[in-house]
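In our numbering, the protein residues as written are 58 to 330. C-beta: ideal position from N, C-alpha, C; glycine also. As the structure is a prediction and not an experimental result, all values here were calculated from the model. What follows is a short report on a single structure.
Given below as structure tokens:
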């Protein structure tokens with residue numbers, strides 16, 4: 058019999074991934090051992106970090122109270138969570154990690170608000186004169202409201218505005234007789250980097266040119282500290298543009314009494330009103 062040369066049919070499943078003939082292609086080996094473990098951990102940490110940054114920028118964010126402008130509602134050393142989506146989610150124009158800006162000049166997108174700011178809301182916002190600083194104050198009037206201050210008494214739409222305003226001085230480093238806010242050093246803190254100063258002139262209108270009474274313009278709200286005699290607020294720098302709002306303070310998750318060196322356990326979990 059004639060000798061027959063037969064070739065085995067190639068198994069299609071074993072064909073090279075790159076389509077080359079003869080099945081000579083090779084599949085790159087996957088990293089094993091320590092290298093693979095490090096890569097997996099790095100990937101997981103990277104994903105978690107991105108998610109955390111997104112949540113912090115758009116949903117909730119922690120802030121610390123460094124001084125006494127909001128006494129007695131908020132104590133020095135309180136740590137609070139801020140709802141960033143209630144007034145409408147706004148994508149950040151920059152992404153920060155700790156004190157470093159990772160990405161900046163991003164396009165800002167706005168999503169619809171659940172509701173508008175209301176009188177009585179305690180709000181965190183970017184300070185109009187230095188947007189790198191975050192302030193926390195109470196909204197005492199919204200657009201269209203008429204505001205007047207007479208000898209420390211606040212009137213909104215002709216009626217005395219009652220709230221849990223503080224009765225004692227906040228911490229300050231200013232000479233009591235100084236009346237110029239610029240003369241007082243503004244303390245900086247991590248996140249709520251609010252500036253609180255003692256100003257005898259806080260009993261009236263220190264903001265130049267502000268009429269008394271004053272009508273809050275469209276797109277703005279009027280902010281004041283609960284400790285009204287020791288607060289650098291809308292009476293100094295005018296009504297707040299709502300575009301600068303960062304969110305509404307919702308609850309305390311930690312509180313540290315720096316003078317007594319102890320935790321204020323009775324304040325942890327308190328809702329902020």
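- Cβ contact annotation for residue 183 (same chain, cutoff 6 Å, sequence separation greater than five): 301, in chain order.
- From the listed residues 187, 215, 180 and 285, the smallest Cα separation to residue 277 is found for 180.
- In the structure shown, residue 191 falls within a strand segment according to DSSP collapsed to helix, strand and coil.
- Residue pairing from DSSP places residue 138 in a beta bridge opposite 119 and 308.
- Secondary structure of residue 319 (DSSP, three-state): strand.
- In the structure shown, residue 144 falls within a coil segment according to DSSP collapsed to helix, strand and coil.
- A check of alpha carbon separations from residue 174 across 268, 303 and 327 identifies 303 as the nearest.
- With a contact defined as Cβ atoms closer than 8 Å, residue 273 and residue 205 miss out at about 12 Å.
- With a cutoff of 9 Å on beta-carbon distance, residue 185 and residue 91 are scored as not near each other.
- By the Cβ test, the region 308-324 is not in contact with the region 164-171, since fewer than three Cβ pairs between them sit closer than 8 Å.
- In this structure, residue 136 sits near residue 309, with a CB-CB distance shorter than 9 Å.
- Residue environment for residue 139: buried (at least 16 other C-beta atoms within 10 angstroms of its C-beta).
- Under the three-state reduction of DSSP output, residue 212 falls in the strand class.
- CA-CA distance, residue 125 to residue 295, rounds to 21 Å.
- Counting only the Cα atoms, residue 103 lies some 10 Å from residue 96.
- Annotation for residue 206: the continuous beta strand (DSSP E) segment containing it runs 203-207.
- Following the DSSP letters along the chain, one finds residue 126 in no alpha helix (DSSP H), marked with neither H nor E.
- Put simply, of 286, 191 and 159 the residue whose alpha carbon is nearest the alpha carbon of residue 118 is 191.
- Between residue 131 and residue 275, the C-beta spacing is not below 9 Å.
- Residue state for residue 180 is assigned as strand, using DSSP reduced to three classes.
- Where residue 291 is concerned, the enclosing alpha helix (DSSP H) starts and stops at 291-294.
- Assigned with DSSP and collapsed to three states, residue 301 falls in helix.
- Taken atom to atom, the span from the alpha-carbon of residue 177 to that of residue 93 is near 54 Å.
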